[in-house]
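Worksheet: the structure to be examined is printed underneath.
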Amino acid sequence: MDRISVPELTSTNYFIWSLKMRAALSLKRLDSVTTQMKPEGLSEKDALEWKQKNSDAVAYIKLSLSDEQALQFAAENNAKILWDKIKSTFTGQTEDRKIDAGNELKNLEINSNELANDYIARARGIATKCHSLGLDVSPRELVYYTVRGLKGKFAKVRDILKTQRDKSIDE
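Read in our numbering, the sequence shown has 38 at position 26, and its numbers run on one by one without any break.
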């Protein structure tokens, strides 16, 4: 396992990117410069070592950015400040997406021409999206919102399933 792969940061993958980038920096013994500022009173040797680690960490981080993001953060040469700026930029967007995904699940309804299997697949997809954004959806919640969203010709099925609280999405 000589090759370390970190995905390019996108508007939707901050948490995965962050996890993998921290792991990669840790393997290279560079993670400390992203969590703390340069300590005061370092010897000349330690100051040079910190400077090199900081420079390497900044390079690794910037290499995992898109061209636009690299330009956005180009002026930042301190690993901790760079890390914090990236985090604040992307976690706000991620929180918004998490709220949107949770609302999408809560407002889930079957479309009039949608097959039951397609509806269930769509519900699972939304639950997966929620999970990838850090919003845990229990199997029970998934069943609840999926059953609640059955309308029209599925209304009688919904009423029957509401009495079957112990069922899983597969049943």
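Ideal Cβ positions, reconstructed from N, Cα and C, are used throughout, including at glycine.
Fair warning: this is a prediction, and the values are worked out from it, not measured in the lab.
Discussion item. Buried or exposed, going by whether 16 or more other CB atoms sit within 10 Å of the CB of Ala133?
Written reply: exposed
Practice prompt. Return the chain-ordered ranges of every alpha helix (DSSP H) run that is complete within the region 85 to 127 and spans a minimum of 4 residues.
Written response: 91 to 118
Worksheet item: Can you tell which of Asn125, Val159, Tyr156 and Leu117 has its C-alpha closest to the C-alpha of His143?
Response: Leu117
Item to complete: Measure the CB-CB distance between Ile122 and Tyr131 and report whether it falls below 7 Å.
Response: yes
Worksheet item: Below 7 Å between beta carbons: does that hold for Leu184 and Asp68?
Response: This structure gives no information on residue 184, because the portion of the chain shown stretches from 13 to 183.
Worksheet item: What is the residue span of the alpha helix (DSSP H) that Asp58 lies within?
Response: Glu56 to Leu75
Worksheet item: Using 8 Å as the threshold, is the region 77 to 85 in touch with the region 56 to 64, meaning 3 or more CB pairs across them?
Response: no
Worksheet entry | Straight-line Cα distance separating Glu107 from Thr218 | Here the chain covers residues 13 to 183 and nothing more, so residue 218 does not appear.
Item to complete: Indicate whether Leu39 and Trp29 have their beta-carbon atoms separated by less than 7 Å.
Response: no
Item to complete: Starting from the Cα of Gln105, find the closest Cα among Glu56, Gln81, Val18 and Tyr26 and give me that residue.
Response: Tyr26
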